[in-house]
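Enquirer: In case it helps, the numbering used here puts the sequence shown at residues 0 to 255.
Just so you know, even glycine gets a beta-carbon here, dropped at the ideal spot from N, CA and C.
Given the structure is predicted, the values throughout are model-derived calculations rather than measurements.
Structure provided below as structure tokens; questions to follow.
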Amino acid sequence: MSTKISSNNLFHFTKNIESVMGIISEGFRAGYCEENFKLTQEGYYNFFVPMISFCDIPLSRVHDHINKYGGYGIGMNKEWTIRNQLNPVTYISVGSYLAETLQQVVLEARNVEIDGDLEPNSRAKIPLNILRFVKNYEADLVRGEVTTENYRFYDEREWRFVPEWSSDFKPYMPPREWWERDENKAYSQVAFEKYKGELAKLRLALELKDINYIILEKESDRLKMIEYLNDNFADNSQIEIVKSKLLTKEQIENDF
């Protein structure tokens with residue numbers, strides 16, 4: 000029997016049960032995530048991408064991911080993810096033929112003139128859209144003050160929701176080095192806060208039937224989640240189905 004390396008669910012992990020409840024009530028909220036990657040030794044990119052991130056990992060392999068990204072999670076069925084236009088990340092090996100080819104495609108985006116509204120020209124939008132779905136196959140993982148060297152991002156099997164270009168928020172924000180230039184400091188921080196606020200209003204809605212799993216850190220969280228479901232949803236049949244999908248971190252570690 001072969002061992003599955005992908006899942007029929009996409010998981011989103013977070014740090015507390017309140018966040019999971021918020022997702023169920025209000026939908027997933029997008030935010031800017033700082034992305035760093037290299038295509039070639041000279042082709043280094045650093046900018047902020049608006050996104051919601053998920054992973055395509057079966058429960059039997061999800062332990063390390065829980066420890067890195069949070070003991071609480073929600074697993075959405077693949078039909079929901081396709082309906083909402085999520086897409087897998089393209090993992091790039093530095094210096095590969097594909098990376099060198101992509102580098103040639105995006106050179107104009109790296110050097111494009113950015114006007115006062117952080118709006119690249121139309122020719123730059125296509126390569127920038129591609130870059131929003133690129134990640135290195137392997138690189139250092141930095142989370143706060145902890146760095147994991149040569150972390151294999153490929154093992155996360157990441158999918159992303161990345162919103163379309165909009166006048167309400169920007170599809171990317173420039174790197175920190177751009178912000179730190181004296182001539183840009185005052186404007187860039189104001190712009191970032193403005194677009195973060197607008198982006199936070201965007202939601203990916205879901206229904207109880209779209210949920211395949213809810214992962215909780217400890218057994219005492221189960222009662223909190225059941226009480227939350229009973230207080231906030233009227234469809235008892237759907238509530239009972241969701242209750243059957245509650246899993247704790249301990250259960251996953253012992254049973255999968």
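Which full runs of the alpha helix (DSSP H) of 4+ residues lie inside the region 48–112, going along the chain?
Expert: As far as the region 48–112 is concerned, its whole alpha helix (DSSP H) runs of at least 4 residues are 62–68, 77–82, 96–109.
Enquirer: What is the residue span of the alpha helix (DSSP H) that Asp230 lies within?
Expert: Where Asp230 is concerned, the enclosing alpha helix (DSSP H) stretches over 219–231.
Enquirer: Assign Asn231 to one of two classes, buried (16 or more other C-beta atoms within 10 Å of its C-beta) or exposed (fewer than that).
Expert: Exposed.
Enquirer: Out of His11, Phe27, Asn83, Lys14, which one is the CA nearest neighbour of Arg202?
Expert: The option with the nearest alpha carbon to Arg202 is Phe27.
Enquirer: Determine the direct distance from the alpha carbon of Ile213 to that of Ile22, and round the result to whole angstroms.
Expert: Near 11 Å, if we compare the C-alpha coordinates of Ile213 and Ile22.
Enquirer: Once the 5 residues before and after His62 are set aside, which same chain residues still bring their CB inside 8 Å of it?
Expert: Excluding residues within five positions, the ones whose Cβ falls inside 8 Å are Ile251, Glu252.
Enquirer: Considering only the beta carbon of each residue, do Phe53 and Glu34 sit closer than 8 Å?
Expert: Cβ distance not < 8 Å, so Phe53 and Glu34 don't count as in contact.
Enquirer: Select from Val93, Leu106, Leu198 the residue whose C-alpha is nearest the C-alpha of Leu127.
Expert: If we check each option's Cα against that of Leu127, Leu106 comes out closest.
Enquirer: Are the beta-carbon atoms belonging to Asp209 and Asn76 less than 8 Å from one another?
Expert: Against a cut-off of 8 Å, the Cβ pair of Asn76 and Asp209 comes out as a contact.
Enquirer: Taking the straight line between their C-alpha atoms, what separation do you get for Gly72 and Gln102?
Expert: When rounded, the distance between both Cα atoms is 35 Å.
Enquirer: What whole-angstrom Cβ distance do Phe12 and Ile56 have, given they're in contact under 8 Å?
Expert: Incorrect: roughly 10 Å between the Cβ atoms, too far for contact.
Enquirer: Less than 8 Å between the C-beta atoms of Gly74 and Asn211, yes or no?
Expert: Their beta carbons are under 8 Å apart, which means Gly74 touches Asn211 by this criterion.
Enquirer: Quick one: what's got a C-beta closer than 6 Å to Gly305's C-beta in the same chain, skipping five residues either side?
Expert: Limits of the chain in this structure are 0 at one end and 255 at the other, which puts residue 305 out of reach.
Enquirer: Where Glu226 and Glu17 are concerned, what is the direct C-alpha to C-alpha distance, given to the nearest angstrom?
Expert: Looking at the two C-alpha atoms, the distance is approximately 13 Å.
Enquirer: Hey, is Val105 close to the ligand PLP, as in C-beta under 7 Å from one of its heavy atoms?
Expert: The ligand PLP is absent from the structure shown, which contains no ligands of any kind.
Enquirer: Using the rule of at least 16 other Cβ atoms within 10 Å of the residue's Cβ for burial, across every protein chain shown, is Arg131 buried or exposed?
Expert: Buried, because 16 or more other Cβ atoms sit within 10 Å of the Cβ of Arg131.
Enquirer: What residue range does the alpha helix (DSSP H) around Glu252 cover?
Expert: Taken as a continuous stretch (DSSP letters only), the alpha helix (DSSP H) holding Glu252 covers 248–254.
Enquirer: So, helix, strand or coil for Phe27, using DSSP?
Expert: Strand, per DSSP.
Enquirer: Quick check on this structure: which residue in Leu215, Glu78, Val88, Thr39 has the alpha carbon closest to the alpha carbon of Glu155?
Expert: If we check each option's Cα against that of Glu155, Val88 comes out closest.
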